[in-house]
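Chains as they are written, first to last, in full-length UniProt numbering: chain D, 1 to 669; chain H, 1 to 669; chain P, 1 to 669.
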Amino acid sequence: MAKSIQEIMPQIAFGGDYNPEQWSEEVWLQDAKLMQAAGVNLVSVAIFSWSMIEKEEGQFDFTWLDKVLDILHDHGIGVALATATASPPAWLSKKYPEVLAVKANGVKYQVGSRQHYSPNSKRFINAVSKLVNEMATRYKDHPAVKMWHINNEYACHLAECYSKESLQTFRHWLKEKYQTIDTLNQKWGTAFWSQRYNSWDEIQFPANLPTFYNPSQMLDYKRFMDRAIFNLYKTEKDILRKITPEIPVFTNFMYEFKPLNYFEWAKELDLVTWDSYPDPREGIPFRHAMHHDLMRSLKDGSPFYLMEQVTAHVNWRDINLTKKPGEMRLWSYSTVARGGDGVMYFQWRQGKAGAEKFHGAMVPHSSNPNSRAYQEVKQLGNELKKLDKIVGAKTEAKVAIIFDWENWWAVELEGKPHNKLSYLDQVYQYYEVFYKKNIAVDFVKPNRSIDKYDLVIAPMLYMIKDGEAVHLENYVDSGGTLVVSFFSGIADEQDHIHLGGYPAPLRKLLGITVDEFAPMADRETNEIVANGQRMKANLWADIIKIEGAKPIAYFTQNWYGGKAAVTTHRYGKGLALYIGTNPSGNYLTELFSGLLTQLNILAPLQAPPNVEVAERVKGKEHFLFILNHNEDPVSVTLDNGVSYRNCLTNEEISQEIKLEGKDVAIISY
Amino acid sequence: MAKSIQEIMPQIAFGGDYNPEQWSEEVWLQDAKLMQAAGVNLVSVAIFSWSMIEKEEGQFDFTWLDKVLDILHDHGIGVALATATASPPAWLSKKYPEVLAVKANGVKYQVGSRQHYSPNSKRFINAVSKLVNEMATRYKDHPAVKMWHINNEYACHLAECYSKESLQTFRHWLKEKYQTIDTLNQKWGTAFWSQRYNSWDEIQFPANLPTFYNPSQMLDYKRFMDRAIFNLYKTEKDILRKITPEIPVFTNFMYEFKPLNYFEWAKELDLVTWDSYPDPREGIPFRHAMHHDLMRSLKDGSPFYLMEQVTAHVNWRDINLTKKPGEMRLWSYSTVARGGDGVMYFQWRQGKAGAEKFHGAMVPHSSNPNSRAYQEVKQLGNELKKLDKIVGAKTEAKVAIIFDWENWWAVELEGKPHNKLSYLDQVYQYYEVFYKKNIAVDFVKPNRSIDKYDLVIAPMLYMIKDGEAVHLENYVDSGGTLVVSFFSGIADEQDHIHLGGYPAPLRKLLGITVDEFAPMADRETNEIVANGQRMKANLWADIIKIEGAKPIAYFTQNWYGGKAAVTTHRYGKGLALYIGTNPSGNYLTELFSGLLTQLNILAPLQAPPNVEVAERVKGKEHFLFILNHNEDPVSVTLDNGVSYRNCLTNEEISQEIKLEGKDVAIISY
Amino acid sequence: MAKSIQEIMPQIAFGGDYNPEQWSEEVWLQDAKLMQAAGVNLVSVAIFSWSMIEKEEGQFDFTWLDKVLDILHDHGIGVALATATASPPAWLSKKYPEVLAVKANGVKYQVGSRQHYSPNSKRFINAVSKLVNEMATRYKDHPAVKMWHINNEYACHLAECYSKESLQTFRHWLKEKYQTIDTLNQKWGTAFWSQRYNSWDEIQFPANLPTFYNPSQMLDYKRFMDRAIFNLYKTEKDILRKITPEIPVFTNFMYEFKPLNYFEWAKELDLVTWDSYPDPREGIPFRHAMHHDLMRSLKDGSPFYLMEQVTAHVNWRDINLTKKPGEMRLWSYSTVARGGDGVMYFQWRQGKAGAEKFHGAMVPHSSNPNSRAYQEVKQLGNELKKLDKIVGAKTEAKVAIIFDWENWWAVELEGKPHNKLSYLDQVYQYYEVFYKKNIAVDFVKPNRSIDKYDLVIAPMLYMIKDGEAVHLENYVDSGGTLVVSFFSGIADEQDHIHLGGYPAPLRKLLGITVDEFAPMADRETNEIVANGQRMKANLWADIIKIEGAKPIAYFTQNWYGGKAAVTTHRYGKGLALYIGTNPSGNYLTELFSGLLTQLNILAPLQAPPNVEVAERVKGKEHFLFILNHNEDPVSVTLDNGVSYRNCLTNEEISQEIKLEGKDVAIISY
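So, in structure tokens, the structure goes:
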């Protein structure tokens, strides 16, 4: 069994991707010294080194990497050693073209950028296995190696493959899943449009079709590709675990990343890590805050690492704005505040050549140690050294949002009543209410226990599988408060309709039936009235028939004016609310303010607008993070009678704390 | 010879597509009873049943379909039996990949949605023939079978095929048409850009070209594909006619459908049927009204069936708004008012799975007989029972618009002076004037007799073939009034220019020459002045030289300010007007109001705004349809001294009739 | 050696493309007479005649062309005889499919439009060589033939080919260039993303990649295709030069054409010619004026020909507006004013068929000699006869803008800090300042001598190759004034960063370092203040560190408010300015007005707004072109005490000249 991350890294991890193969040996030594000065304690090495390690098939050359690891170790810098499998070398696809992924139009991807492989190529899996085996054998005892960084941003460019081998694998996967072709016909609803299959080898990809695909087939294709890529990961992990059983492994996750079901992946990771690149245009990066919370939730609250961020600007947007002074530090602390025990960058030294040479780095092109980038890195790195005791601290949330990758896949398939709905936008909308109130939120899978939460929200939970509804009923029955939003409970695991009135599996719990959907056109709105207040709603209206619930808001316009828009239903000891439209943010704020008050759920501190507050707890020690996203100074009132310690300055504080614009305070009590 | 539709269906046909293969036998019985209650008298069965009927090549299994037809017949419900050829089964394309249609980039379409076949595949045509033969032989004597529904929405997804077999067939078709390659070279103008062909097998598709294609070639490719798909239809029809000579056949047409020349198709249909899906966002569906009129005109005024509409909402738009209460009924009566003898739906029962599960139906997912969908269907179905005597009644129009699919193809080919012109938009613009005035309009092909009309409009009739101009001259010479709009008479059948001054074949008739075209940029306008009134014009200005005509409107702006914009020309006993720009709607209303007054063409009734009035006549009986598209009630004054009978209530009425918002009255006299 | 153009055509060339193969012999004679009357003295013949000349492989038939040339010669009309290679005949690609170019997705282009060949096909190059050899042999002594028109608008539709033969040729080209694969690996920076190559045959096209390509590879692919197409041109030229050593050759260039490095091409042309199609929507075509200046600069100021323009309107835009009366004449004189000795059209007679039949021509579809098109042509043609003495006159410019195709390619590759920057827009912005002041501007390549200019501007010169910076230093050191704008001096020939602080090769010269780039979002602006005046800036801000330079404008907003935006640096005897943002036009006008005053650079005349003035000089004679782009008349003050002659009216003028709206005067002194 792998050692715990906290055991291996008892401090906040700080560093970044390091690509020494792009530089001369002489630069390596300069790098190590600059790293030391900046407080770097961990770097990821060899992510894109396959072609430098295995220059020809079976010819492994580790001399350069040996030197790099030795230098790093000599300077006290730990290594998250990559398995170097992220991008295969040119000789591999030249010799074995079947390793190349294929587009839907049959065109093979080519060598020349990165990640051009098919996860379903057995030849590729073999080549990966050999390399990982060599890497693990070579470095299993190297003292610099703290953990394994498997591959890199799986599927970031390529989440679909349409090769013949992928098709065979897809058919095999379907056969394993459904056993008989009759079962598949039933589960895919092939009585529709004469789609019946006689045999597995008649099945094709859901691609190159004249019109709308079969949604059940498309869903299974998404599941298949997720599993195919996961299996590739698992192949690497298993080799590593066998050779280096104590060294933890991870791969780095991404932002708003739909193709991979990270909840399932996380089960096989020792550490969740992810790459966060807020666009400075967006202002306060609250969506990234949500992803911190989601990443923390993937392994039940275990601290995660931010594996990549950038000092000032990326280079892959149309226009790449730069973070203002202070923002990189502030946003880094948002990571730690929300459960991050590592703050890493892409990358250490800005490249001289290649597609990412204008991507920011800890050391810029000028190599100037007085550059803003390096200076800000150095400040942060040395500050983080003071926060060792935070490592391993947990977030305690009383509110949870149900989040489900399979629902994401299903609800955004084509052919819906409203095809411009975004699952993430719906989730963001609910999350934002709590973010602005500094109320901690966890994310949970639909089939997970939610009993420890006082308030659970299920935004647009279109897909409800067998057993999941009972689960929600039990939660409310035992006293929980559940809020379900429109277009929930509509389809089953196959994206077939739950017949018998929408939302069939939740009707009893919610005390309503939705008779019809009435999507709204772009820019169309309706109005809802609640407690005498009138507010806007858009996107969607459910035509609700009350069956035990109590309306708490009504539509006022269009032919369904006067009908219920929001309902509440006593069920057992708890409460089940239904929101049958997309109300404005101020309605949601009102609604949840009321619920939070009833449930006595409080923020750690009351703070002015745009001041983010989050708390982590370790044993009896509480760490409060106060982040001022404003340009101007603010003052935050502390709890009366409590004595706090400022973790960065080690001063005692009470009653009030003042923060400069873009500044941060971490205080413990 | 097939029996007449009126003989077979002496009532308004009412029902929809029925897909029992998606449901268990137990549901079939419930369906039949619900159909009875709703007044259903006709359903289309087996449209997508190929894979359920011929499960393997040559293995036909009709047992389930036998049962379905028996149940329907037992409940007094007639069947428009489909030939089941709309979408081929998976085994067919697996065994014979040559049946698959091919994209321009050479990629084969695949099984998984529908209609993935190539109409040029001989193997596919054979498979279709075998199936149709089996179907016809099996059910030729089944008493439920009222008519044959051939295939379904031909070419709705696939109107082009680029397979090798299609290319060979295209070359063969060209050889049949032109006989010698020299003739083809001349007809295609291949002296341009060195495009000369030595032999038929040098000819390629107009696809994958570095730049602008040869317009004559493109036009012939469109003609070829239309004929290829028509031949597929004809193959089915011929088999059916041979085995069941008395049963009428049809296929269902579509809205704004450019690829198929429906005027030509209609010659081989016993009944014109079409599928109408107005977007509720559009408000009053006047464009659909125009298509009703066009469909009625395809077979010289014979009543048509609306084969598909939806109760409340479709699922294939980006956002699928729902019809408000009353709108489905109101719009259904617009169908009958404009010559429809059938009001059918897609579909009977809303699907549980597949790409169309969110498409509305007569029985929704809830199966609830109290649902709005079923209730509205039931009301309408039972009302229509009272209108048997309307069946077969005709529309009498004194105004005609010339409409031509070949012109549509030609005028929208690339490389024109103004490449954002839409033929349909031009036609709509003229149609709308008459729609708003409740003046009946027929549509006629350019080469058809128009002598029975008092007023004929030819909007943007770019292509004028040999003989068509003389035809128009004779019409005007004999006293007709013809209005021609800009960019008419420019090209011949090959899309070659009629040399000698625009519009060469019409110059004499119109008494003008168009010296130049002056297209206007987006948002650019000019102004025209007529009878002292100033109105906007946009899109296009002709620089007109007067040669006998009289200007009746002038441009006021730009370098051609002061020149004629609209002209009128006495020719023989008639009048030929030319509109050399795209004037605003109010100008057209003014112009045509004057002409209608002169020609003494009147609406059946004077009605308030947004009240649609149309008349059908059978023998001496006149049926007036009054449709109130307003939300509010209206009152309509009836002709003095005439005594009317309300066909739905059987009450006598005179002088005035009041209608609620969205309500309809059918009165006879 | 070829004779000089001036020797062969001692008058302003006037005429157009002539495609007699589209017309009967009888029309040829009418054409010749109409040409004569219009003053036509040169036509381009046989551009798209391959399939009419070589109807089958090796079967050449010149009889029709013999006749055409004889008729033209008999009417005193010279011929720029095309080599007829612009578009290969259908039989060629049928027999040898390897001549077809291939798309990135592997699909072959097809016959049916034009230019579907691969420049890398040896089979195609052979076929071209045979045809050119036959053409040259046949017509080497024909007296009508004045010059050779090689091919047509090389690469206008097809500047990339992805055939297997192209790939082999690309690899071969790379091997020639880099000699060893290790050198290539270094020059392409393949240590990045594991892109290392072991052998030449592992290299693929920069296409079908999952994400960002290797910029060095992409740049080399652009270079390769430019050279491949150039080699095709050179093959033709070499054959012609051998058989007809005295006849000059050209090919026609295009507007804003990025794929071909015209500076390199021009070395192998005896005459620069180009095709200019301003969109009338743009108003005064100052961008086309810039291209006239660029074309003149390609061969060091030698007069060029405008090879194609249109009388009134093209047909390949979405909406094709027509030139107003007078504009064609006015813009034609802008050509002559800026160094053009030829004014030609596409095309003589408007086609009856084919993709360009709605493209305007000198003789329109009506053939009417009173048509506006022909009348305007005739007026101009007869006027130009009075300007023989201008032929060969030069433009004398004291201002130069550095322009570089390789920089264009590099700076617009993806992955930059700001990916919506347009190199041309940056150049236009600087050019426009001088255009509006009627100050002549030359364009120069970065590695050319600029010593003869008083003021040189280098807009966004991102790529600076070895030796180019020293060159600029020497220029300033010797007293020149250089203005460099943002994002200059960043990368080397391989698109690798010049390390050591931006812009490394120019830091000493400019006296600054750019610490960071701060791109601005769409619609984001900043403000700069200079001499107390406040003006807008957008797109980009450099964070400048002063190292010897003097700030002359400052930013006022955002976190870098107060920092330098524009700097000036005394260097040796000269001045080096740096503009670290994209300032508004009024700032640039202010800045350059000051510099022009300091440098005593004056316009030939002071003129009212929208009056274009340009001067050409031949020996001691000066020709002043005064073009009134206004609709209204203007009056222009002439230099006191100078006596001018109006070249068109032969009147003497002094003190003042009046021009009608859209009118032109050419006066000499």
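Glycine residues also receive a C-beta, built at the ideal position from the N, C-alpha and C atoms.
- Distance from the CA atom of E98 of chain D to the CA atom of K164 of chain D, rounded to whole angstroms, is 9 angstroms.
- DSSP links N646 of chain H through a beta bridge to H:I667.
- Interface residue (Cβ-Cβ distance to chain H less than 9 angstroms): H291 of chain D is not classified as such.
- In this model, F62 of chain H and E176 of chain D are separated by some 32 angstroms (Cα to Cα).
- Within the model, the alpha-carbon separation for S643 of chain P versus S584 of chain P is close to 40 angstroms.
- A Cβ of chain D is located within less than 9 angstroms of the beta carbon of R196 of chain P.
- By the C-beta density criterion, P20 of chain H is buried, having at least 16 other C-beta atoms within 10 angstroms.
- Taking C-beta atoms as the reference points, G562 of chain H and I512 of chain H fail to come closer than 9 angstroms.
- Counting the other Cβ atoms within 10 Å of the Cβ of E660 of chain P gives fewer than 16, which makes it exposed.
- In the DSSP assignment, N382 of chain D falls within the alpha helix (DSSP H) that extends over R372 to L384.
- For A400 of chain H, the enclosing beta strand (DSSP E) has its first and last residue at V399 to I402.
- Contact between A84 of chain H and W50 of chain H holds: CB atoms are separated by about 5 angstroms, below the 8 angstroms threshold.
- Put simply, of H:I402, H:R223 and H:I150 the residue whose alpha carbon is nearest the alpha carbon of V249 of chain H is H:I150.
- For H313 of chain P, the chain H residues whose Cβ falls inside 9 angstroms of its Cβ are P417, E516, F517, A518 and P519, in order along the chain.
- Given a length threshold of 3 residues, each whole run of the beta strand (DSSP E) inside the segment 275-325 of chain P is given here in chain order: 304-308.
- Here DSSP, grouped into helix, strand and coil, assigns H471 of chain H to helix.
- Spatial neighbours of G39 of chain H in its own chain (CB-CB distance under 6 angstroms, excluding positions within 5 residues in sequence) are listed in chain order as F14, G381, N382 and K385.
- With respect to F253 of chain H, D275 of chain H sits close: the two C-beta atoms are nearer than 9 angstroms.
- Shown here, Y221 of chain H sits in a helix according to DSSP, grouped into three states.
- Looking at the backbone, the Cα of S87 of chain H and that of R227 of chain H are separated by about 19 angstroms.
- For the segment 493-504 of chain P, the beta-carbon criterion of a distance under 9 angstroms to any beta-carbon of chain D is satisfied by Q494, D495, H496, I497, H498, L499, G500, G501, Y502 and A504.
- Pairwise C-beta distances place the segment 313-324 of chain D in contact with the segment 353-361 of chain D, as three or more of them are shorter than 8 angstroms.
- Contact annotation: the segment 167-185 of chain H does not touch the segment 139-150 of chain H, with fewer than three C-beta pairs closer than 8 angstroms.
- K420 of chain H reaches chain P at D318 and I319, counting residues in chain order whose Cβ is nearer than 8 angstroms.
- The CB of G301 of chain D never comes closer than 9 angstroms to any CB in chain P; the least such distance is about 34 angstroms.
- Residue ranges of uninterrupted beta strand (DSSP E) with 3 or more members, entirely inside the segment 560-617 of chain H and ordered along the chain, are 564-571, 574-579 and 581-583.
- A distance below 9 angstroms separates the beta carbons of W91 of chain H and N198 of chain D.
- Runs of the alpha helix (DSSP H) lying entirely within the segment 133-213 of chain H, each at least 4 residues long, are 164-178 and 181-187 in chain order.
- D341 of chain P sits away from F286 of chain P, with the two beta carbons spaced by 9 angstroms or more.
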